[in-house]
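1 is the number of the first residue of the sequence shown in UniProt numbering; add one for each residue after it. The structure appears right after this line, and notes come after that.
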Amino acid sequence: MLSTNKKLLTVLNGQFVWPPPVWLMRQAGRYLPEFRLLRQQADFLTRCLTPDIAVEITLQPIRRFAFDGAILFSDILILPWALGQDLQFIEGRGPVLPPIQSEQDLQKLNPEQVIEKTEPVLKAIRRLNKVVNGSDTIGTAVAQSVTLIGFTGSPFTVACYMVEGGGSKDFATVFKMMYENPSLFGKIIDLLVQTTADYLCRQIEAGAEAVKLFDSWGGLLPVMLFEKYVIQPTRQIVDIVKNKYPHIPIIGFPRLAGTKLQSYIDGTGLQTVGIDQTADISMLNQIVNSKIGFQGNIDPLCLLHNPSMMKQEIHNLCIELKNRPHILNLGHGVLPTTPVEHVYELVNTVRNLK
Ligand code: CP3
C-alpha cells in the first residue's frame with residue numbers, strides 16, 4: 001500500500017519528489033556515539049540477532065536526522081551464517097568464515113535452518129514496521145514518514161565472502177573457482193539465489209516496505225561473468241520476489257559496475273539502482289531511461305573531509321538528476337571517523353534545496 005507521506009516510497013514507485021528523500025548507507029554505525037556505546041555491550045552477531053538491540057540501532061540515526069529511510073541493522077553475511085557457515089567479526093580484520101572450497105564444504109550448508117536462525121531478524125523487522133507506521137509507543141510523526149528497508153547481499157557478493165573466507169582486495173580465490181570449477185561456483189550461486197529470494201520474501205512478510213540487494217563486488221567482473229553471475233541471478237531473485245510481492249520496490253546496488261549499469265538495468269528489470277561515487281553520473285543520466293530511479297552518489301570521503309565541497313556536490317547532483325526519480329545517498333557507506341556534524345550538514349543541505 002502506498003502511503004503518501006513516505007517520500008522514499010513515492011520515489012521508489014517511480015515519481016519525482018523535490019527535495020529528494022535522503023538516507024545513507026551505514027547510517028547506523030561507528031560515527032554515532034550512541035552506537036559506539038551499544039557496541040561495547042555486545043559483539044556484532046549478538047547485536048544483529050538480539051531484536052531489542054537491532055531495533056534500537058536501526059532507530060538511532062532516525063532520531064537524530066529524521067532520515068527518510070530506516071535500513072534494518074543487520075549484515076549481508078547473516079545468510080551464510082544461517083546456512084551453517086561459521087562467522088566471526090574480528091576487530092581490525094572484518095568478517096572471517098571457513099572458506100567453501102569443495103562440494104563437501106557446500107554439502108554441509110543446510111537451507112532448512114535459515115528460517116529458524118533468522119527469526120530474530122524478522123522479529124526486529126516486525127517491531128520496526130510498527131514503529132514506522134506509528135502503532136508502537138516509540139512511534140512519532142517523524143517515524144511515520146520513514147520507509148523501512150530490508151536487505152540482503154547479492155548472490156555474487158555473498159559468494160565472494162563465502163569462498164574467500166572473508167574480505168579481500170581482489171577475491172583471487174573466487175576468480176580461481178569461477179574459471180577452474182564453474183560447476184561448483186554455479187551451485188553456490190544457485191543455492192544463494194533460492195535462499196536470498198526466500199529470505200527477502202520473509203523480510204517483506206515481516207514488514208519491510210522496500211528491499212535492497214547489495215552487490216558490492218559484482219563490478220569487478222568482466223562482462224561475460226557479470227552477465228552470468230550478477231545479472232542472471234539478480235533477475236531470478238527479482239522475478240521470484242516481484243511475483244509474490246509486485247508492489248514492494250527493490251533497489252539494486254551494483255557497486256563499481258560503471259558502464260555495465262545499463263545492461264544490469266535492462267537484464268534485471270530493476271526500477272531503482274544505487275550508484276557509487278566513481279560513476280559518471282551525467283553520462284549515466286543521459287543514457288539510462290529517465291523512468292529508472294537513481295540512488296546516490298556523494299563520495300563518503302567528501303562527507304568526511306570537506307562539508308562545504310559536499311554541499312556544492314549535493315546541489316550539482318540534485319539539479320543534474322531533476323529529470324528522474326532520485327534518492328540522495330552516498331556512493332558507499334558512512335565512514336567510521338565521519339563527524340556527526342557533517343551528517344547534519346548533509347541532511348540540512350538536502351532538505352533546504354530550492
Ligand atoms: O547500512 C546500514 O546502516 C545497515 C547495516 C549494514 C551493515 N552491513 C552493518 C555492519 C549493511 C546494509 C551492511 C551490508 C554489508 N556488509 C555489505 C554491503 C555494503 C558494503 O559495505 O559494501 C558488506 C560487503 C558487508 C560485509 C561486512 N560487514 C564487512 C566487510 C564488515 C567489516 C568492515 C566494516 O565495515 O566494519 C562488516 C561489519 C559491519 N556490518 C559493521 C556494521 C555496522 C561493523 C561492525 C562493528 O561495528 O562492529
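Built from N, CA and C at the ideal position, the CB exists for glycine as well.
Backbone CA spacing between residue i and residue j [nearest angstrom]
i: Ala206; j: Leu122; result: 6 Å
i: Ile231; j: Pro155; result: 10 Å
i: Asp299; j: Gly252; result: 18 Å
i: Gln27; j: Asn181; result: 38 Å
i: Leu9; j: Trp18; result: 13 Å
i: Asp43; j: Val96; result: 14 Å
i: Gln85; j: Arg202; result: 21 Å
i: Val241; j: Gly219; result: 23 Å
i: Pro51; j: Glu313; result: 37 Å
i: Asp266; j: Leu346; result: 32 Å
i: Gln194; j: Tyr179; result: 23 Å
i: Ser3; j: Ile287; result: Here Ser3 scores only 48 on pLDDT, less than 50, and its place in the model is too uncertain to base an answer on.
i: Gly293; j: Val11; result: 7 Å
i: Cys318; j: Met283; result: 15 Å
i: Asp41; j: Leu353; result: Note on identity: in this sequence residue 41 is Gln, with Asp being the wrong assignment. About 40 Å.
i: Lys108; j: Leu191; result: 12 Å
i: Arg235; j: Phe73; result: 25 Å
i: Glu320; j: Gln271; result: 19 Å
Near ligand 1: residue i beta-carbon under 7 Å from a heavy atom
i: Arg351; result: no
i: Phe151; result: yes
i: Ala28; result: yes
i: Arg64; result: no
i: Ile240; result: no
i: Phe73; result: yes
i: Gly269; result: no
i: Leu77; result: yes
i: Pro95; result: yes
i: Arg202; result: no
i: Ser216; result: yes
i: Arg39; result: yes
i: Thr118; result: no
i: Thr259; result: no
i: Met25; result: yes
i: Asn89; result: Reading off the sequence shown, one finds Phe at residue 89, where the question assumed Asn. It does: the Cβ of Phe89 is within 7 Å (strictly closer) of some heavy atom of ligand 1.
i: Glu337; result: Reading off the sequence, residue 337 comes out as Thr, not Glu. No - ligand 1 has no heavy atom lying nearer than 7 Å to the Cβ of Thr337.
i: Phe44; result: yes
i: Thr147; result: no
i: Gly167; result: yes
Host alpha helix (DSSP H) of residue i (start-end)
i: Asp52; result: 51-65
i: Leu12; result: 7-12
i: Leu304; result: 300-305
i: Gln236; result: 232-244
i: Thr268; result: 261-268
i: Leu79; result: 78-83
i: Glu116; result: 114-117
i: Tyr229; result: Note, Tyr229: premise wrong, no alpha helix (DSSP H); not H, not E.
i: Ala257; result: Ala257 -> no alpha helix (DSSP H), and no H or E assigned at all.
i: Gln107; result: 103-107
Residue(s) in a DSSP beta bridge with residue i
i: Ala210; result: Ile149
i: Ala42; result: Paired residue(s): none; Ala42 is not in a bridge.
i: Asp170; result: Paired residues: none, contrary to the question.
i: Asn297; result: Asn329
i: Ile250; result: Val211
i: Thr140; result: Note: Thr140 sits in no beta bridge, so no partner.
i: Thr272; result: Ile251, Gly293
i: Val22; result: Leu328
heavy atom of ligand 2 below 7 Å from residue i C-beta
i: Gly296; result: Looking at this structure, you won't find ligand 2 anywhere; what it does contain is ligand 1.
8 Å Cβ cutoff met for residue i and residue j
i: Pro254; j: Tyr264; result: yes
i: Ile125; j: Met162; result: no
i: Ser290; j: Asn316; result: no
i: His326; j: Pro20; result: yes
i: Thr58; j: Ala66; result: no
i: Phe214; j: Lys260; result: no
i: Lys311; j: Thr337; result: no
i: Leu83; j: Tyr199; result: no
i: Leu256; j: Asp276; result: yes
i: Leu32; j: Gln60; result: yes
i: Ile76; j: Val158; result: yes
i: Ala208; j: Ile237; result: no
Segment limits, beta strand (DSSP E) that includes residue i
i: Val96; result: 94-96
i: Gln277; result: First-last for Gln277: undefined, no H or E at that position.
i: Gln88; result: 88-90
i: Ala28; result: Here Ala28 belongs to no beta strand (DSSP E), and DSSP marks it neither H nor E.
i: Ile71; result: 69-71
Chain D within 8 Å of residue i, Cβ atoms only
i: Gln88; result: Although the question refers to chain D, the structure presented lacks it and comprises just one protein chain.
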